[in-house]
Each structure stands twice: as C-alpha cells, then as structure tokens.
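Protein chains in written order, with our numbering: chain Y, 3 to 268; chain V, 3 to 268. In what follows, a single structure is set out as structure tokens and then discussed.
2 protein chains.
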Amino acid sequence: MSDSPIGIFDSGIGGLTVVKEIRRILPNENIVYLGDTARLPYGTKSIDAIIEFSLENTEFLISRGAKFIIIACYSSTSVALDIVRKNVNVPVIGVIQPGVEKAVELTKNHKVGVVGTSLTIYSGAYEKAFRDLDERCEVLGKACPLFVSLVEEGWLDHPATDLIAQTYLKPLKDDNVDTVLLGCTHFPLLMPVFRKIMGKINYVDASREVGSKVADELRRLELQRDAKNGTLMIYLTDLSMNFKEIGERFLSEPMKNFSRVALKGS
Amino acid sequence: MSDSPIGIFDSGIGGLTVVKEIRRILPNENIVYLGDTARLPYGTKSIDAIIEFSLENTEFLISRGAKFIIIACYSSTSVALDIVRKNVNVPVIGVIQPGVEKAVELTKNHKVGVVGTSLTIYSGAYEKAFRDLDERCEVLGKACPLFVSLVEEGWLDHPATDLIAQTYLKPLKDDNVDTVLLGCTHFPLLMPVFRKIMGKINYVDASREVGSKVADELRRLELQRDAKNGTLMIYLTDLSMNFKEIGERFLSEPMKNFSRVALKGS
Numbered sequence: 003m004s005d006s007p008i009g010i011f012d013s014g015i016g017g018l019t020v021v022k023e024i025r026r027i028l029p030n031e032n033i034v035y036l037g038d039t040a041r042l043p044y045g046t047k048s049i050d051a052i053i054e055f056s057l058e059n060t061e062f063l064i065s066r067g068a069k070f071i072i073i074a075c076y077s078s079t080s081v082a083l084d085i086v087r088k089n090v091n092v093p094v095i096g097v098i099q100p101g102v103e104k105a106v107e108l109t110k111n112h113k114v115g116v117v118g119t120s121l122t123i124y125s126g127a128y129e130k131a132f133r134d135l136d137e138r139c140e141v142l143g144k145a146c147p148l149f150v151s152l153v154e155e156g157w158l159d160h161p162a163t164d165l166i167a168q169t170y171l172k173p174l175k176d177d178n179v180d181t182v183l184l185g186c187t188h189f190p191l192l193m194p195v196f197r198k199i200m201g202k203i204n205y206v207d208a209s210r211e212v213g214s215k216v217a218d219e220l221r222r223l224e225l226q227r228d229a230k231n232g233t234l235m236i237y238l239t240d241l242s243m244n245f246k247e248i249g250e251r252f253l254s255e256p257m258k259n260f261s262r263v264a265l266k267g268s
Numbered sequence: 003m004s005d006s007p008i009g010i011f012d013s014g015i016g017g018l019t020v021v022k023e024i025r026r027i028l029p030n031e032n033i034v035y036l037g038d039t040a041r042l043p044y045g046t047k048s049i050d051a052i053i054e055f056s057l058e059n060t061e062f063l064i065s066r067g068a069k070f071i072i073i074a075c076y077s078s079t080s081v082a083l084d085i086v087r088k089n090v091n092v093p094v095i096g097v098i099q100p101g102v103e104k105a106v107e108l109t110k111n112h113k114v115g116v117v118g119t120s121l122t123i124y125s126g127a128y129e130k131a132f133r134d135l136d137e138r139c140e141v142l143g144k145a146c147p148l149f150v151s152l153v154e155e156g157w158l159d160h161p162a163t164d165l166i167a168q169t170y171l172k173p174l175k176d177d178n179v180d181t182v183l184l185g186c187t188h189f190p191l192l193m194p195v196f197r198k199i200m201g202k203i204n205y206v207d208a209s210r211e212v213g214s215k216v217a218d219e220l221r222r223l224e225l226q227r228d229a230k231n232g233t234l235m236i237y238l239t240d241l242s243m244n245f246k247e248i249g250e251r252f253l254s255e256p257m258k259n260f261s262r263v264a265l266k267g268s
C-alpha cells in the first residue's frame with residue numbers, strides 16, 4: 003500500500019490520454035503529470051537531447067514522491083526507457099510494450115503495421131519489442147509525421163487528411179496487415195480515417211493498454227492506494243495559448259490543478 | 003568599420019535562408035548563427051517562453067562579439083523584438099519590417115495577404131507594422147501551420163498540398179489581394195503552389211528583403227567589414243538526425259563550421 007503518486011511524463015499534453023485511462027481504471031491513485039511543453043515536440047530532437055530531457059523529467063517526478071513512473075511519450079520510450087530505468091529506484095514503464103503485447107494477442111496473420119512519428123519508427127524500438135515477444139511477427143513501421151499537425155489543426159475530416167492517409171497507409175494495406183498499432187498519442191483521434199482506408203482490421207491504441215498494465219504491476223508490487231478519490235496535479239514547463247482547451251480534449255475532464263514549473267533545462 | 007560578426011538567430015535552421023541572403027549581399031561579413039534546435043518550434047510556445055528564449059539567444063550572440071543582431075525567426079520577431087532591443091547596445095532588426103516595406107511598395111490595390119504560423123498571425127505584429135507604415139493597407143492574415151510540416155516532409159507537389167493550400171488561401175483569393183507576404187522561413191519552398199492557386203500577383207519573401215536592409219544599416223552606421231571572405235560559424239542547441247541535410251537545403255552551401263552549444267535553458 004502506498005499513498006505516493008504515480009508519476010507520468012510526456013513531451014506535451016498528448017500524454018493526458020494515458021492519464022485519462024489511469025484515472026478510469028485506478029480512480030483511487032494520486033497522479034502527478036509533467037508535460038515538457040517548453041521543449042515539445044521530442045520527435046524532431048536528437049537522441050541525446052531526448053535522453054537528457056527524459057532524465058530531467060523523471061528526476062522532477064521522483065522529487066514529487068512518485069512511486070511508479072510512466073513514460074507516456076513514444077519518442078522518449080523509444081530511446082530513453084532503459085536509461086531512465088537504470089537511474090531510478092522505482093518501477094518504470096513506457097507506452098511501447100503494452101501496445102505490442104496487445105497486438106501480438108490480436109494478430110492472426112502475424113503481420114502488424116505500426117504508425118508513429120519519424121523518430122519512433124526509425125528508432126527500431128517497436129521491431130525490437132515485437133521480436134522479443136513473438137518472432138513470427140512481421141512488423142511494418144510507417145512514419146506519419148503529418149498526422150500530428152493535422153490533429154493539432156483539427157482537420158480530422160478534411161479531404162486532404164484522407165489523401166495523406168491514403169499515401170501513408172498504402173504500404174500497410176498492400177502488405178495485408180491485420181492489425182495496426184497507433185504509436186503516437188495524437189493518432190487515436192484519426193480512427194475514423196484509419197477505418198475508412200484500412201477497413202475492419204484490429205486497431206491497438208497503446209495508451210489504453212498502459213492502464214491495465216499499470217494496474218497489474220501496482221497489485222503485484224502491493225503499491226496500490228486504498229483511500230478514495232485520487233488527486234491529479236498537472237505540471238507544464240510552458241503554458242501556451244490553447245493548452246487548456248487541447249489538454250481537456252485529451253483528458254476528457256476539466257484541468258483543475260495545474261501550474262508552470264521550470265526544470266533545469268526547460 | 004568593424005571586423006566583429008553579424009549575429010543571427012532563429013528557433014531552428016530555417017533562418018539559414020537569411021544567412022544565405024546576407025552571404026550573397028555582404029560576402030565580406032563574418033557571421034555567427036545560432037539555431038535553438040533544442041527548443042524549436044517557437045510558434046507553439048507561450049509569449050513569455052519565446053521572450054525568454056530570444057533574450058538568451060541574443061545574450062549568446064553578444065558574448066560572441068556580435069556588432070548587429072538579426073532575429074531571423076518570425077515568432078520571435080512578432081513578440082520579442084522590442085524587448086530584445088531594450089536589452090542590448092547593438093542594433094537589432096527582425097524579419098517582419100523589411101517584408102512589410104517591400105509589400106507596401108509593391109501593392110497597387112492596398113490589399114495584402116500575410117501567411118505564417120499561428121503565433122505570427124495571431125500576434126498582430128504584421129497588422130501593426132502595416133498600420134505604422136501605410137494606413138491605407140488592408141491586411142488579411144492567414145495562419146497556415148500545416149505548410150511547415152508539408153515542407154519538412156518534402157511533400158512540395160503532393161495532391162494533398164494543393165488541397166490544403168486551396169483551403170488556406172481561399173480567403174486571400176476571395177479578397178483579391180494583389181500581394182502575398184510569406185511570413186515564415188519555410189514557405190518560399192511552396193512558391194509553385196502559391197502561384198498555381200493565387201496566380202500572377204506579387205510575392206514577398208521577407209528573408210530576401212532583410213539582406214538589403216542590413217546592408218543599408220551597416221553602411222549608415224559605418225559598421226561594415228572591409229577584409230575579404232567573411233566566415234560563417236553555426237551554433238545549434240541540438241544536432242538532430244538530419245539537420246545538416248535540411249540546413250544545406252536552406253543555406254545553399256555546405257555547412258562546414260558548426261557545433262552544438264548549451265544555453266542556460268536549452
């Protein structure tokens with residue numbers, strides 16, 4: 003049993019989709035969220051920079067008493083998960099492994115497509131995670147950087163979005179993947195477009211899978227919180243023009259407790 | 003006369019288009035360029051953050067002996083130019099004023115369209131600059147954030163780019179602007195798309211106008227360098243995967259002298 007909070011970080015506010023899932027599955031848990039909005043996005047930065055940022059973010063969450071760390075950022079998970087694990091004494095999970103486990107469970111023909119930002123795809127982190135779990139899986143990674151901008155622009159049903167998705171998803175369709183793993187916090191909002199182009203196959207939203215994984219781990223480690231009504235505290239390294247509006251879209255509840263925090267390097 | 007360098011900063015490497023112009027017009031000048039690639043883009047950050055970043059960047063260039071500062075970033079110029087000016091003892095110019103002067107010179111019907119990132123457009127900096135120069139000008143600002151991602155993805159002639167441009171540029175076309183000011187370092191690469199949709203009107207690439215403005219000022223202040231073959235030193239706060247390839251596309255010459263630098267907050 004532990005009243006200490008679960009610490010969650012992301013490069014921005016997209017990771018609030020993970021917070022939403024944790025709040026749904028584990029309503030008793032206190033949560034401290036850190037969004038590194040001053041330095042987002044991570045996907046266009048160097049691996050060294052992402053590792054440095056990830057360690058700083060983790061240090062902040064630990065200083066707030068975190069009993070468990072969730073890396074809700076795909077770029078961070080891709081290149082910094084192992085190093086973050088070595089640097090702290092609490093359990094750390096990323097957003098890649100839980101989605102991969104779900105995809106392996108769902109696929110019948112062992113052909114899985116993974117879509118994400120360029121860094122996530124080119125890091126090879128997904129290929130490695132699939133290989134470690136089920137060698138039969140053939141993984142087709144496709145970098146789709148424009149999807150992030152389209153979601154942020156709110157053009158979910160613009161004809162250009164369909165055209166872009168047709169170009170991006172064609173190799174996955176040609177290869178007859180029966181499962182697509184959405185490896186970016188923003189992509190679930192494009193689900194209707196994916197369905198239109200790829201049809202009735204399996205879709206894995208990794209953010210959703212993280213929740214049940216964390217619940218299992220907390221139980222196993224006897225780290226759950228028993229008191230009711232967990233709190234949520236949100237820290238952001240920058241408060242941009244419309245962070246609250248976009249944040250609440252991801253979180254599906256009002257953002258009540260938030261404040262700006264300055265990390266060493268943000 | 004002064005051998006000291008001209009200092010130029012941008013949030014990333016797009017500002018190398020300004021460097022290219024300065025090198026062409028003022029080949030004798032030494033240049034120190036700082037790209038804050040660890041924190042790019044600025045357009046999605048808060049005004050406070052952009053001001054803070056801009057002051058840090060300026061401080062770095064001054065510490066390298068800059069005799070003249072050029073803010074090659076549109077977001078920075080929009081919100082931080084006046085504050086940077088107050089903080090240093092050398093002349094500072096931004097990328098907005100020179101483009102506005104050119105547009106005022108070219109427009110016949112006094113209807114000018116300005117395209118840029120959301121922050122540049124919503125800051126109102128362009129409206130103010132036009133109002134101060136020629137009250138007759140009617141300015142139609144249009145935020146086009148997806149253009150940045152399309153240029154970075156290299157989709158300059160994808161059908162989706164045409165569709166997106168049609169949506170973005172429609173209000174400018176409907177309003178019969180006779181001049182379009184490209185208020186973002188990335189947009190000149192989309193010139194063929196602009197021409198296809200807007201037709202034969204005037205286009206102002208502000209980066210190009212900055213060069214002659216700086217030449218005039220250096221002459222007026224007697225700060226030119228007389229020795230031949232100015233040097234170019236490039237500092238970046240992060241060296242990402244493909245910065246050199248993209249940088250050379252903007253610069254049109256090989257990037258020879260570059261190194262990573264850590265600012266206080268980057």
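No residue lacks a Cβ here, since even glycine has one placed at the ideal position from N, Cα and C.
Residue i, enclosing alpha helix (DSSP H) - first and last residue
| i | result |
| --- | --- |
| residue 122 of chain Y | 120–124 |
| residue 46 of chain V | Note, residue 46 of chain V: premise wrong, no alpha helix (DSSP H); not H, not E. |
| residue 249 of chain V | 245–253 |
| residue 166 of chain Y | 161–176 |
| residue 288 of chain Y | With chain Y covering 3 to 268 only, the question about residue 288 of chain Y has no answer from this structure. |
| residue 134 of chain V | 127–135 |
| residue 218 of chain V | 208–222 |
| residue 193 of chain V | 193–200 |
| residue 203 of chain V | No alpha helix (DSSP H) contains residue 203 of chain V, which DSSP labels as neither H nor E. |
| residue 23 of chain V | 18–27 |
Beta-bridge pairing of residue i - partner residues as DSSP gives them
| i | result |
| --- | --- |
| residue 295 of chain V | Since the first residue shown for chain V is 3 and the last is 268, residue 295 of chain V is missing from the structure and cannot be characterised. |
| residue 237 of chain V | V:36 and V:261 |
| residue 150 of chain Y | DSSP lists no partner for residue 150 of chain Y. |
| residue 185 of chain V | V:118 |
| residue 76 of chain V | Paired residues: none, contrary to the question. |
Chain Y residues whose Cβ lies nearer than 9 Å to that of residue i
| i | result |
| --- | --- |
| residue 127 of chain V | By Cβ distance, chain Y contributes nothing, its closest Cβ being about 15 Å from residue 127 of chain V, past 9 Å. |
| residue 251 of chain V | The premise fails here: residue 251 of chain V is roughly 15 Å from chain Y at the closest Cβ pair, so nothing lies under 9 Å. |
| residue 257 of chain V | Residues of chain Y passing the Cβ test: none, with the nearest at roughly 16 Å. |
Contact list for residue i against chain V, beta-carbon separation under 7 Å
| i | result |
| --- | --- |
| residue 144 of chain Y | In chain order: nothing, as chain V lies at least about 13 Å away. |
| residue 200 of chain Y | Simply none; closest approach about 18 Å. |
| residue 155 of chain Y | 147 and 148 |
| residue 197 of chain Y | Those do not exist, as residue 197 of chain Y stays about 19 Å from chain V at its closest Cβ, beyond 7 Å. |
Where residue i meets chain V, residues with beta-carbon distance less than 8 Å
| i | result |
| --- | --- |
| residue 235 of chain Y | Going along chain V, no residue has its Cβ under 8 Å from residue 235 of chain Y, so there is no contact; the nearest lies around 20 Å. |
| residue 151 of chain Y | 147, 148, 150 and 151 |
| residue 161 of chain Y | 165 |
| residue 169 of chain Y | 160 and 162 |
Where the beta strand (DSSP E) containing residue i begins and where it ends
| i | result |
| --- | --- |
| residue 144 of chain V | 140–145 |
| residue 92 of chain Y | Element bounds for residue 92 of chain Y: n/a, residue is neither H nor E. |
| residue 73 of chain Y | 70–73 |
Proximal residues of chain Y, C-beta to C-beta of residue i below 7 Å
| i | result |
| --- | --- |
| residue 240 of chain V | 47, 48 and 51 |
| residue 3 of chain V | Residues of chain Y passing the Cβ test: none, with the nearest at roughly 40 Å. |
| residue 193 of chain V | The contacting residues do not exist; residue 193 of chain V stays about 19 Å from chain Y at best. |
9 Å Cβ cut-off: residues of chain V touching residue i
| i | result |
| --- | --- |
| residue 82 of chain Y | Under the 9 Å cutoff, chain V gives no residues; its nearest Cβ is about 15 Å from residue 82 of chain Y. |
| residue 87 of chain Y | Per Cβ cutoff of 9 Å: no residues; residue 87 of chain Y is ~24 Å from chain V at best. |
| residue 222 of chain Y | Neighbours of residue 222 of chain Y on chain V: none; closest Cβ ~38 Å, over 9 Å. |
| residue 66 of chain Y | Under the 9 Å cutoff, chain V gives no residues; its nearest Cβ is about 21 Å from residue 66 of chain Y. |
The ligand FAD heavy atom lying under 7 Å from the CB of residue i
| i | result |
| --- | --- |
| residue 47 of chain Y | As far as ligands go, the structure on display features none, and thus does not contain the ligand FAD. |
Check your understanding: Is there contact here, the region 14–22 of chain V with the region 49–68 of chain V, by at least three beta-carbon pairs under 8 Å?
Key -> These segments do not touch.
Check your understanding: Three or more beta-carbon pairs under 8 Å between the region 126–134 of chain Y and the region 144–159 of chain Y, yes or no?
Key -> Look at the beta carbons and you see the region 126–134 of chain Y not touching the region 144–159 of chain Y: under three pairs across the two are nearer than 8 Å.
Point to revise | Inter-stretch contact at 8 Å, needing at least 3 Cβ pairs: the region 179–189 of chain V / the region 109–127 of chain V | key: Because the criterion of three Cβ pairs below 8 Å is met, the region 179–189 of chain V and the region 109–127 of chain V touch.
Check your understanding: Would you call the region 227–247 of chain V and the region 19–35 of chain V touching, i.e. three or more CB-CB distances under 8 Å?
Key -> Two segments are said to touch when three or more pairs of C-beta atoms, one from each, lie closer than 8 Å; by this definition the region 227–247 of chain V touches the region 19–35 of chain V.
Practice item. Check whether the region 81–100 of chain Y touches the region 210–217 of chain Y, taking contact to mean three or more Cβ pairs, one atom from each stretch, closer than 8 Å. Key: Segments in contact, yes.
Review point. Using 8 Å as the Cβ pair cut-off and three pairs as the minimum, do the region 71–86 of chain Y and the region 3–11 of chain Y touch?
Key: Contact annotation: the region 71–86 of chain Y touches the region 3–11 of chain Y, with at least three C-beta pairs closer than 8 Å.
Review point. Does the region 260–267 of chain V come close enough to the region 235–249 of chain V that 3 or more CB-CB pairs lie under 8 Å?
Key: Yes, they touch.
Check your understanding: If you pair each beta-carbon of the region 57–67 of chain Y with each one of the region 77–92 of chain Y, do three or more pairs fall below 8 Å?
Key -> Yes, the region 57–67 of chain Y is in contact with the region 77–92 of chain Y.
Check your understanding: Counting pairs of beta carbons, one from the region 186–204 of chain Y and one from the region 215–227 of chain Y, are three or more of them closer than 8 Å?
Key -> Taking 8 Å as the limit for Cβ pairs, the verdict is that the region 215–227 of chain Y does not touch the region 186–204 of chain Y.
Check your understanding: Counting Cβ pairs closer than 8 Å, one from the region 145–152 of chain Y and one from the region 27–42 of chain Y, do we hit at least three?
Key -> Contact between the region 145–152 of chain Y and the region 27–42 of chain Y is absent, with fewer than three C-beta pairs closer than 8 Å.
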